[in-house]
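Some notes on the structure that comes next.
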C-alpha cells in the first residue's frame, strides 16, 4: 500500500515540475526578406534562476542554409534571466517557408519551440524604364612585349658588362705574364731555381714533376739567352748542339759545364721515363748543378750589341701589340656575335618593328609605352586616357578652351577644343531643328574644320564624314582623311592622316583632332586607345 502511494506521489510531483518548466520562444527580426538577405533567427528562454539550458548548436533548417551560430547571450531582466541564442540563416529561392520547432534541453528535459513563418521575396528588375543591353563581346587585346623586351635588353647589357669584366681580367693576367716575360732570362732562371729549392719531393710523381720543371729552367734559359733550340730537343740532341756550339766558338762553355748538364739530364730521364727515385741528396745536388750551368753560360755569353738589343726590344713590343690586337679582336667578335644572336632572337619572338623601334626610341612607340594617364578636361568635362597630360593653350577667343598633346610639328599631335556659342546663336530646341548629322549643320562644321587645318598650314586636304558612336556610346560627327602638313620650314610637306571627332550640343561643341604621319606604324593604335577612353561627364 505504501509503495502504491509513493509511486502516485512521485508521478504527480514530476508532472507538476514539468508543468512549471519555462516556455521557449522563437522568432526572427523580420518575417519578410529579399533573396540572399540574412535572416536573424533567435531562441529565447526566461527563467527565475540560472538553470542548465542546452541550445542546439548544429541545427539544420532545410532548405535554408545556416551561415553562423552566435554564442548564448544572458541578460538579467528584473528578477529573471533571459537567455538568447541567435542564428544567421539565408535562402536564395523566393517563396513561403517555415522554420520548424527547435529542441532545447532544460535541466535534462526536452522542450520544443514554436515554428516561425518567413516570406522570401524576389528582387524586382526594371525592364521598362531601364535600358537592357546585349552582353559585350570580348575585345581582342594585342600582347604587350615592351616590358619583356626592356628586361631582355637589360639582361643583354648585364651580360656584355660581365663579358667586359672577364675580358679585362684576361688582359690584366696577360699583362702580368708579359711583364714576367720581360724579366731578363738569367734573373728568371735564378728565380725559378730559388722556388724549386723550397720544395722537397717525396713520392715518385712529385720527383717527376720536380725534374721536369728543373730541366725546363735550363732549357728555356739556353733558348732565350743563347738562341739554342733547347725546348724541342731531346737530352742527347741538346748536348750535341752544345758540343757543336763549343767547337765552333759560338759558345765558350767548359767541358765540366756540359758534363754537369749531362748528369742532370740523365737523372731527369730516369725519373720521368723509368719511374726511378733518386737517392737522398741527389735532388739538391742536381739543382745546384743546373744553377752552376746557368751561371757559367751567362759568363761565357758575348755581350749583345746595341743593335741587337734594339731589335730584340722592337720584336718584343711587336709581339705584345700583336697579342693585344688578337685579344681585342676576339672580344669584339664575341660581343658582336652575342648582340647579333640576341637581336635575332628578340626579332624572331617579338617581331622586327617592336624590337627596332624600342631600341632606337621611335617617337610614337615611346608614346604607346608611356604610363597613360586618365584626366578630365574642359566644360562639359571630357574624360580621356592619354600618353601624357594635355597642355592648356591660351586662345584669342574668350569662348574657347584648348588642350594639346605635343605640337603640330611632332610625329603625333592631339588637340581637344571646347567652343561655346554666342548668346545670339543660342536658340531653343524645336521639332523642326535637325540633328548634328543634318546637311546644313554638317557643312558648317566641315568648313570650320577645313579652315582650322588650313590656318595650321595644311594643304591638299581630302576628307570624308560619317556619324560615329564611340565605344562608350557617345554620338559624334567623324571627319577623317589625309592632308599635307609642313613639319618644318626647311622640309617638304609630309602626308599625314587626320581624324576629327565633333560633339555638338545646344551650348557649343567639342572637337578632338588627331594628326600623325600617314606611314606611322603606331598612330592608329594611339587613336584607338584615346577614342575608346572618351567619356562625357554629365554635370550636376
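In our numbering, the protein residues as written are 247 to 786.
For every residue, glycine included, the Cβ atom is placed at its ideal position computed from N, Cα and C.
Reduced DSSP secondary structure (H/G/I, E/B, other) of residue i
i: residue 641; result: coil
i: residue 445; result: coil
i: residue 629; result: strand
i: residue 709; result: strand
i: residue 433; result: helix
i: residue 608; result: coil
i: residue 600; result: helix
i: residue 293; result: strand
i: residue 357; result: strand
i: residue 782; result: strand
i: residue 473; result: coil
i: residue 396; result: helix
i: residue 562; result: helix
i: residue 419; result: helix
i: residue 617; result: coil
i: residue 238; result: The requested residue 238 does not occur in the structure, where the chain is confined to residues 247 to 786.
Classification of residue i by the beta-carbon crowding that lies within 10 angstroms, buried from 16 upward
i: residue 754; result: buried
i: residue 401; result: exposed
i: residue 344; result: exposed
i: residue 632; result: buried
i: residue 212; result: No answer is possible for residue 212: the residues shown for the chain start at 247 and end at 786.
i: residue 574; result: exposed
i: residue 541; result: exposed
i: residue 657; result: buried
i: residue 557; result: exposed
i: residue 465; result: buried
i: residue 527; result: exposed
i: residue 543; result: buried
i: residue 788; result: Nothing can be reported for residue 788, as the shown portion of the chain is limited to 247 through 786.
i: residue 676; result: Its pLDDT being 46, under 50, residue 676 is placed unreliably in this model, and the value from its coordinates should be taken loosely. So residue 676 counts as exposed.
i: residue 553; result: exposed
i: residue 269; result: exposed
i: residue 276; result: exposed
i: residue 660; result: buried
i: residue 681; result: Confidence at residue 681 is low in this model, with a pLDDT of 44, below 50, so the placement of that residue should be treated as unreliable; the coordinate-derived value is given next. Per the 10 Å Cβ criterion, exposed.
Pick from the options that is closest to residue i, judged by C-alpha positions
i: residue 437; options: 751, 729, 533 and 743; result: 533
i: residue 191; options: 306, 578, 488 and 471; result: With the chain covering 247 to 786 only, the question about residue 191 has no answer from this structure.
i: residue 690; options: 717, 748 and 514; result: 748
i: residue 732; options: 719, 718, 745 and 701; result: 701
i: residue 539; options: 773, 461, 412 and 631; result: 461
i: residue 608; options: 268, 708, 767 and 524; result: 767
i: residue 448; options: 475, 412 and 523; result: 523
i: residue 714; options: 706, 707 and 725; result: 725
i: residue 666; options: 656, 643 and 655; result: 643
i: residue 322; options: 552, 290, 310 and 308; result: 290
i: residue 335; options: 454, 311 and 721; result: 311
i: residue 716; options: 361, 779, 707 and 276; result: 779
i: residue 710; options: 757, 591, 503 and 746; result: 746
i: residue 473; options: 457, 481 and 491; result: 491
For residue i: DSSP bridge partner residues
i: residue 299; result: 352
i: residue 758; result: 662 and 747
i: residue 721; result: 715
i: residue 312; result: 335
i: residue 342; result: 365
i: residue 322; result: 327
i: residue 458; result: In DSSP, residue 458 forms no bridge with anything.
i: residue 623; result: 628
i: residue 649; result: 638 and 662
i: residue 726; result: 710 and 745
i: residue 287; result: 274 and 333
i: residue 740; result: 731
i: residue 280; result: 367
i: residue 763; result: 742
Closer than 8 Å is the cut-off here; do at least three beta carbon pairs connect the region 285 to 305 with the region 319 to 335? The region 285 to 305, when compared against the region 319 to 335, does touch it at the 8 Å Cβ threshold.
Across the region 692 to 699 and the region 614 to 622, are there enough close Cβ pairs to call them in contact, namely three or more that are closer than 8 Å? Because the criterion of three Cβ pairs below 8 Å is not met, the region 692 to 699 and the region 614 to 622 do not touch.
Please confirm if the region 629 to 638 is in contact with the region 646 to 660, defined as three or more CB-CB distances below 8 Å between the two stretches. yes
With a cut-off of 8 Å, do at least 3 Cβ pairs link the region 269 to 285 to the region 337 to 345? The answer is yes - the region 337 to 345 touches the region 269 to 285, with three or more Cβ pairs under 8 Å.
With three or more beta-carbon pairs closer than 8 Å as the criterion, would you say the region 400 to 416 touches the region 584 to 598? Touching, yes.
Is the number of C-beta pairs between the region 469 to 485 and the region 558 to 571 that are closer than 8 Å three or more? no
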